[in-house]
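Whatever position you read off the sequence shown (first residue = 1), add 6 for this note's numbering. Heads up: the structure comes next, in structure tokens.
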Amino acid sequence: MTCHEMLKKRGEWMELGSKDEKVDTKPDTIEHWGRSVDNPIGGWYGLKKGFKGRFGMYIPPLMEALGLAEVTHEKRGNKMRAK
């Protein structure tokens with residue numbers, strides 16, 4: 007299931023929770039899903055150490071630009087949901 011499909015199924019806002027790859031993620035966040043073995047690639051998005059993580063920072067704006075999601079734009083605690 008893709009991130010968009012997961013958000014559509016969820017049907018509500020989900021916290022982004024962006025974290026560096028060396029930091030544990032908060033459960034039930036976009037970042038946590040991006041690192042989960044349940045995502046389409048079975049774990050980390052990113053192939054090289056140092057470039058992994060931050061899924062919750064970079065993917066939501068892309069999904070918003072593609073018209074797949076709505077993203078809040080606060081100083082902290084941003085969320086997204088599928089369109």
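The C-beta atom is built at its ideal place from N, Cα and C for all residues, glycine as well. Model, not experiment: these values are computed from the prediction.
Compare the Cα-Cα distances from E70 to each of M86, R60, E80 and report the closest residue. Checked all of M86, R60, E80; the closest Cα to E70 is M86.
Check whether the Cβ atoms of K32 and G40 sit closer than 9 Å, and answer yes or no. For K32 and G40, no; Cβs fall outside 9 Å.
Inter-residue spacing [alpha-carbon to alpha-carbon] between K25 and N84: If I take the Cα positions, the gap works out to 13 Å.
Would you mind listing the alpha helix (DSSP H) stretches within the segment 38 to 83 that are 4+ residues and don't spill past its ends, in chain order? Here the runs fully enclosed are 61 to 71.
Could you tell me which of L74, T78, M63, E76 sits nearest to H38, measuring between CA atoms? Cα-wise, what sits closest to H38 is M63.
For M20 versus D30, is the C-beta distance shorter than 9 Å? Cβ atoms of M20 and D30: not closer than 9 Å.
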